[in-house]
Each structure stands twice: as C-alpha cells, then as structure tokens.
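Input: a single structure, listed below in structure tokens.
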Amino acid sequence: MSHPSPETAADPDELVAALPDPPAPWQRSDANGGIVEYRIPDDDGVCAAAKLVVRPELFDASAVRVDRKQGCKDVGTGRYPDIESAVNAVTTELVAAVGE
C-alpha cells in the first residue's frame, strides 16, 4: 500500500525543465512550485477548450500528477511514477489533440 509523501514528489525545477514546448494551438505557462499548464484557448467562454495541468504529486506516492479538462469539466487525472513517464504521457496528449 502506498502512503502519501512529499518525498516521492518530482523535483519542481526538473519537472518544468523536462516538459516539452507545445505544438500550436497549445499554449504553455509555468507557475511557481513546478506547476505547468497547457491550454487551448476557447473564444466562446471563460474555460479553455482543452487544458492539461502538470504538477509534482504531493498527496500520493506518485511523482507527477496530470489533470485533464475539456471545457469546464474535469475529464481525468493521471499519476506517474517518474518525470520521464509523465513527459511521455503529456507529449502524447498534446500531439493527439492536434492530430499530428
């Protein structure tokens, strides 16, 4: 059984540095604490058409957490044991959303 532990969380600086630049029309913003947000803007409202929020996982034994949104709805959360697997998952999501 895994126990929540900040010690298992990814290093915020390493996570930010490892995450890719997004293909258009995605936009990337980096916040304090290693939180990176990827979004496709939606001109019709406040919510993004699509959004991925990547952050060190502090409340689980995983290293990285990726939250997915479509419009204003949460559509899932993925947890990854290390930065490399999180980067691979994020890259796959970014490319799949633009059909490359």
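All the letters of the sequence shown, read from the start, carry residue numbers 481 to 580 under the numbering used here. In this text, a Cβ means the ideal position worked out from N, Cα and C, and glycines have one as well.
Notebook entry, point to check: Considering only C-alpha positions, which residue in the set V567, S542, K549 is nearest to L532?
Noted result: K549
Notebook entry, point to check: So, are the CB atoms of V546 and A566 less than 8 Å apart?
Noted result: yes
Note to self: Given this structure, state the Cα-to-Cα distance separating L499 from K553, to the nearest angstrom.
What the structure shows: 24 Å
Check: To the nearest angstrom, how far is it from the Cα of E573 to the Cα of P561?
Finding: 18 Å
Checklist line | Inter-residue CB distance, I520 and A576 (contact presumed, cutoff 8 Å) | finding: No, I520 and A576 are not in contact; Cβ-Cβ is about 12 Å, not under 8 Å.
Notebook entry, point to check: What did DSSP end up calling P536 once you bin it into helix, strand or coil?
Noted result: strand
Checklist line | CA-to-CA distance, L538 to G475, given in whole angstroms | finding: Summary: the structure shown does not reach residue 475, with the chain confined to residues 481 through 580, and so no result is reported for it.
Checklist line | Proximity of A543 and A489 at Cβ, strictly below 8 Å | finding: yes
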